[in-house]
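Below is one structure; the comments refer to it alone.
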Amino acid sequence: MADRTLEVRLRNEDDTLRPETLRIRDLTEIASYVEDAVAAATGIRPEYGEDTPVLVSLTGIEGGSARLLLTLATSALAATVGIKQALVTRDYSRLPMRCQKKLSEMSGYLSARGWQAELAGVSPGRALISAAHPVPAPERRTIKSVTTIYGDCVRVGGETPKAGVRLVTTRRILNIDVDPDLARILGTRLYDRVGIRGTATLDAATLEMMAFRGEAILPYRGKAADPLAAVLKIAEASAGVWEGTDPLEYVRQLREDEEAS
Amino acid sequence: MICLDTNALIWAVEFNSDPAVSDQCKRIRHYLERLRDEQTPVMIPVPVLFEFLCKYPRERHEVHQAARADAFVLFDATPQVASEAAALFQAGNAAAMSSGGQPKQQRKMDLLVAASAIVAGVTEIVSEDRDYSQMTGGRLTWKKVSSLPLPPAGLFDQAE
Numbered sequence: 023m024a025d026r027t028l029e030v031r032l033r034n035e036d037d038t039l040r041p042e043t044l045r046i047r048d049l050t051e052i053a054s055y056v057e058d059a060v061a062a063a064t065g066i067r068p069e070y071g072e073d074t075p076v077l078v079s080l081t082g083i084e085g086g087s088a089r090l091l092l093t094l095a096t097s098a099l100a101a102t103v104g105i106k107q108a109l110v111t112r113d114y115s116r117l118p119m120r121c122q123k124k125l126s127e128m129s130g131y132l133s134a135r136g137w138q139a140e141l142a143g144v145s146p147g148r149a150l151i152s153a154a155h156p157v158p159a160p161e162r163r164t165i166k167s168v169t170t171i172y173g174d175c176v177r178v179g180g181e182t183p184k185a186g187v188r189l190v191t192t193r194r195i196l197n198i199d200v201d202p203d204l205a206r207i208l209g210t211r212l213y214d215r216v217g218i219r220g221t222a223t224l225d226a227a228t229l230e231m232m233a234f235r236g237e238a239i240l241p242y243r244g245k246a247a248d249p250l251a252a253v254l255k256i257a258e259a260s261a262g263v264w265e266g267t268d269p270l271e272y273v274r275q276l277r278e279d280e281e282a283s
Numbered sequence: 015m016i017c018l019d020t021n022a023l024i025w026a027v028e029f030n031s032d033p034a035v036s037d038q039c040k041r042i043r044h045y046l047e048r049l050r051d052e053q054t055p056v057m058i059p060v061p062v063l064f065e066f067l068c069k070y071p072r073e074r075h076e077v078h079q080a081a082r083a084d085a086f087v088l089f090d091a092t093p094q095v096a097s098e099a100a101a102l103f104q105a106g107n108a109a110a111m112s113s114g115g116q117p118k119q120q121r122k123m124d125l126l127v128a129a130s131a132i133v134a135g136v137t138e139i140v141s142e143d144r145d146y147s148q149m150t151g152g153r154l155t156w157k158k159v160s161s162l163p164l165p166p167a168g169l170f171d172q173a174e
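Chains as they are written, first to last, in our numbering: chain C, 23 to 283; chain Z, 15 to 174.
In structure tokens form, the structure reads like this:
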């Protein structure tokens, strides 16, 4: 069975850190950085209405410096191995930007206190975050892409208009830039699901969406969308088109033609 | 969010007197009715739309656009989709080689449909004959049209 315990050993220069010399807040802060970094690296997204799954739990605090024992969900193991590998090789290019950002914040938190953290378990070897081995903030190499987003409009307004859209793709709220006209339209669609066309700024390494400028609202009717009515309408306008067509054979021919070419 | 593969979309718009086909039409329509009532968004990937429109002359594409656009989630083919599809392709080849075989002859269109669904945040894809669950290492749940329940007698009988 895979090793699911990640040990985070905290040390200072004269090795005087012990659980009893640390504030609870510092321990929870460091555990939270690890939890956030792992969550960002897994890319696991809870369904609407579902709780965020427990990926990392604090299951022990031991002496011998100060050692946090974190137990990982099976679904978080591969992501954690990736994080350790990135820390060891100092190559963060394969980590999502949000994950590196959390590790970088943790690195800053530790350095400000003169501490270091050594990560062990889950995979062979140890990874170190310290003043001599800091995690840099992610570089913001970006690309632009014209695209469409769908999500629930949860807020809109401001002198420089912005809207908050909880994306159907990631379930995260993305704050988007909009012009006043689009803001007014979105104001009438608050708490409804909307489709918006615009220009996305993507992280070049991970293609994660960092920003979005909304340009037009799509005709998608959100929570009032009626896919059944739509297919019946298309059916009405398709009289005879599909007659005698076996859908399985039709698709098979299209996709197998592609293989033959 | 739920995704429709091409065969499911065709059955949804088809009228056919063959009882076996008619049942598939009824099943998918009944399912769409349930998704509407639950306010579950339904997505049609670009490759599915492409295959569907291949049957219509260009001048009729626009006719269906309005009906689709207000009822379905229609994402673009983006760099993320290309990246995800390439990763699925590589994973498929790696799996074939690790079990002692040759790189697989994979249907690229299947991979593009799967990648579009994954990037869109889809949890379940409805297709009669493509095992998207296996193709994506379990990241998508595959539901067969023939596994969907039939509606109560009387509903959608115009399909007969």
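Ideal Cβ placement from N, Cα and C applies to all residues, glycine included. These numbers were taken from a predicted model, which means no experiment stands behind them.
Take residue i and list the residues in its own chain whose beta-carbon comes closer than 6 Å to its own, dropping the five residues that flank it on each side.
i, result
"C/TYR172", "VAL190, GLY217"
"C/TYR70", "For C/TYR70, the predicted model reports a pLDDT of 47, less than 50, meaning its position is unreliable and no value from the coordinates is stated."
"C/ASP58", "LYS124"
"C/GLU258", "none"
"C/TYR114", "ALA108, GLN122"
"C/GLU140", "ARG31, ARG148, LEU150"
"C/LEU204", "GLY236"
Out of the options, state which residue places its alpha-carbon closest to the alpha-carbon of residue i.
i, options, result
"C/SER54", "C/THR192, C/LYS124, C/ASP214, C/LEU150", "C/LYS124"
"C/LEU254", "Z/VAL140, Z/ASP51, Z/GLU28", "Z/GLU28"
"C/PRO51", "C/VAL176, C/THR192, C/GLY130", "Per the sequence presented here, residue 51 of chain C reads as Glu, with Pro not at that position. Ranking the options by Cα distance to C/GLU51, first place goes to C/GLY130."
"Z/LEU164", "Z/ASP19, Z/LEU88, Z/ARG43", "Z/ARG43"
"C/LEU109", "C/MET231, C/SER87, C/VAL60", "C/VAL60"
"Z/LEU102", "Z/GLN79, Z/ALA129, Z/SER113", "Z/ALA129"
"C/VAL78", "C/GLU161, C/VAL168, C/THR96", "C/THR96"
"Z/LYS69", "Z/LEU125, Z/ASN21, Z/VAL133, Z/THR137", "Z/ASN21"
"C/ARG194", "C/GLU237, C/ASP113, C/GLY143, C/ALA233", "C/ALA233"
"Z/THR137", "Z/LEU125, Z/GLY152, Z/ASP51", "Z/GLY152"
"Z/SER97", "Z/VAL56, Z/CYS39, Z/ALA131", "Z/ALA131"
"Z/ALA177", "C/ALA142, C/ARG235, C/ILE256", "It is not possible to answer for residue 177 of chain Z, since the shown part of chain Z is limited to 15 through 174."
"C/THR210", "C/ILE198, C/ILE239, C/LEU196", "C/ILE239"
"Z/SER160", "Z/THR150, Z/PRO59, Z/MET149, Z/ASP143", "Z/ASP143"
"C/GLY82", "C/PRO146, C/PRO41, C/THR192, C/LEU208", "C/PRO41"
"Z/ILE58", "Z/ILE16, Z/ALA99, Z/GLN120", "Z/ILE16"
"C/THR358", "C/ALA98, C/GLU84, C/THR43, C/LEU49", "Within the shown structure, residues of chain C are numbered from 23 to 283, placing residue 358 of chain C beyond reach of any answer."
"C/PRO146", "C/LEU39, C/ILE198, C/SER167, C/ILE105", "C/ILE105"
Might you give, ordered along the chain, the residues of its own chain that have their beta carbon closer than 7 Å to the beta carbon of residue i, omitting 5 neighbours on each side?
i, result
"Z/TRP156", "ILE139, SER141, ASP145, TYR146, SER147"
"Z/ASP37", "LEU164"
"C/LEU212", "CYS175, VAL178"
"C/ALA282", "For C/ALA282, the predicted structure reports a pLDDT of 48, less than 50, and the residue's modelled location is therefore unreliable. The matter cannot be settled from this model."
Give the DSSP bridge partners of residue i, in chain order.
i, result
"Z/CYS17", "Z/MET57, Z/ILE139"
"C/ASP225", "C/THR164"
"C/ALA286", "In the structure displayed, chain C extends from 23 to 283; residue 286 of chain C sits before or after that span and is not available."
"C/GLU140", "C/ARG31, C/LEU150"
"C/GLY236", "C/GLY220"
Less than 8 Å between C-beta atoms, sequence neighbours within five positions excluded: which residues of the same chain meet that for residue i?
i, result
"C/ALA159", "GLN122, LYS123, SER126"
"C/ALA226", "ARG163, THR164, ILE165"
"C/SER133", "SER152, ALA153, PRO156"
"Z/ALA26", "LEU18, CYS39, ILE42, ARG43, LEU46"
"Z/THR92", "VAL133"
"Z/VAL11", "The structure shown has nothing for residue 11 of chain Z, since chain Z only spans 15 to 174."
"C/GLU230", "PRO118, MET119, ARG120, LEU224"
"C/ASP36", "none"
Relative to the ligand HEM, is the shortest distance from any of its heavy atoms to the C-beta of residue i smaller than 7 Å?
i, result
"Z/GLY151", "Here there are no bound small molecules, and the ligand HEM is not part of this structure."
### Query
What are the uninterrupted segments assigned as alpha helix (DSSP H) that are 4 or more residues long and contained completely in the region 81-154 of chain Z, given in chain order?
93-112, 122-134, 146-149
### Message
Tell me whether the region 237-249 of chain C and the region 260-280 of chain C touch, counting them as touching only if at least three CB pairs, one residue from each stretch, are closer than 8 Å.
### Response
no
### At least 3 beta-carbon pairs within less than 8 Å: the region 221-236 of chain C vs the region 77-91 of chain Z
no
### Message
Tell me whether the region 254-270 of chain C and the region 57-64 of chain Z touch, counting them as touching only if at least three CB pairs, one residue from each stretch, are closer than 8 Å.
### Response
no
### Query
Would the region 181-198 of chain C and the region 141-155 of chain C be scored as touching if the rule is three or more Cβ pairs under 8 Å?
no
#### Entry: alpha helix (DSSP H) runs wholly inside the region 169-223 of chain C, at least 4 long, in chain order
202-209
### Query
With contact counted as at least three CB pairs below 8 Å, one residue from each stretch, are the region 23-36 of chain C and the region 84-94 of chain C in contact?
Judged by Cβ distances under 8 Å, the region 23-36 of chain C makes contact with the region 84-94 of chain C, as three or more pairs qualify.
### Task
Could you pull out every unbroken alpha helix (DSSP H) segment of at least 4 residues lying fully inside the region 72-123 of chain C, listed in chain order?
Qualifying alpha helix (DSSP H) stretches, in chain order: 99-111.
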